[in-house]
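Under the numbering used here, the first residue of the sequence shown carries the number 24, and numbering increases by one thereafter.
The next block holds one structure in the form of structure tokens; read it before the comments.
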Amino acid sequence: MNFCRTIDRKMISTSMERTTIGVLMPRGSAHIFGGFSITFKDVLALVAFSSSLASTVVDFLVKTTGKSNFLGDLANKLPLIDAGYDILSRYLALNCLTTHYAPLWSEVFTPDFTQQCWSQPDNPRLPLDFFARLTPAWQRYCALRTDYARRMALVEIDVLVAQALGLTLDELLLVYRIQFPVLQQYERDTWYDLHGRIIFTISKGLVGVGLPRKGGTTQPKARLTLPNDTVREGQFGWEDVQDLPDGAVVQQWVQDDTLPTGPYLKERQ
């Protein structure tokens, strides 16, 4: 418990969106036998190995083994990549969400993290100054928190890990197209708003996230304001808003019960 570890779901299912489902564990945490965790003497090797498990390339390797459990015999067969700061910075930003990860962040951080940039430097849905604002001491901003930014970081890790293993872009695309049909289906029908939040998805792992396909009486009340100042109120679904013109605003009021002070009505826009 005195070491950071990488933990993966022990049971393997090749029919799910992903086969390897893992994360970094902070010091002082424990888990039940539903997960398999390992650690390394070198913390950089730990983060490098864990980041490779998040990629579709290594996920594909796990699929091909035919194993039903992720245990030591399988982990020993997986590659240990030479992860650069581009991979390390993205993967830590995905994992280090709370102060529990502050020691790990400070141990791995280098000024090279602040020199990274997105592969789409003009995409308004991304926090474009994210890497430049990273600091040696962990702060809340050091974590990627929007759905779109986190998905983009995973996509970039896919490419970077493939490069580290010597694969070409065509080979990576071939692996994705042949071996990840469920992930492709989810990707084709997941949509984001300008703030990088999921507004609609068919992912079975994200039930309740975003709007339903059709509006109904169980939906929170919402207000739709069009660019010509026309206002409509109702209970909208994705089919009601997906073709709105630029400049349209959807406001929705939902019950939020995540604070110790109790539930309150929260506006989402």
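Beta carbons: idealized from backbone N, C-alpha and C, even for Gly.
Just so you know, these numbers come straight off a predicted model, no measurement behind them.
Quiz prompt | Assigned exposure category for Thr29 - 16 Cβ within 10 Å defines buried | solution = buried
Practice problem: Would you mind stating whether Trp276 and Lys237 have Cβ atoms separated by less than 7 Å? | Solution: no
Practice problem: Since I believe Cys119 is in contact with Leu127 (beta carbons under 8 Å), could you give me their beta-carbon distance rounded to a whole number of angstroms? | Solution: Confirmed, about 7 Å.
Exercise. Would you list the one or two residues that DSSP bridges to Phe223?
Key: Trp214
Self-check item: Thr45 versus Gly257: straight-line alpha-carbon distance, rounded
Solution: Correcting the residue identity first, residue 45 is Gly in this sequence and not Thr. If you take the alpha carbons of Gly45 and Gly257, they lie about 40 Å apart.
Quiz item: How many angstroms separate the CA atom of Val70 from the CA atom of Arg291?
Solution: Using only the alpha carbons, I get a separation of about 35 Å.
Practice problem: For Gln274, write down the residues that DSSP places opposite it in a beta bridge. | Solution: Arg246
Self-check item: Rounded separation between Glu179 and Thr133 - CA only
Solution: Taking the straight line from one Cα to the other gives about 20 Å.
Quiz item: Which ranges would you report for the beta strand (DSSP E) in the segment 74-143 if only whole runs of at least 3 residues count?
Solution: Whole beta strand (DSSP E) segments, 3+ residues: zero.
Quiz prompt | Extent of the continuous alpha helix (DSSP H) to which Tyr171 belongs | solution = For Tyr171, the enclosing alpha helix (DSSP H) stretches over residues 170-187.
Quiz prompt | Alpha-carbon spacing of Asp82 relative to Gln208, whole angstroms | solution = 17 Å
Quiz item: Taking Cβ positions, are Ile104 and Ser75 nearer each other than 7 Å?
Solution: yes
Quiz item: Taking the alpha helix (DSSP H) that Tyr287 falls in, what are its first and last residues?
Solution: Not the alpha helix (DSSP H): Tyr287 falls in the beta strand (DSSP E), residues 287-291.
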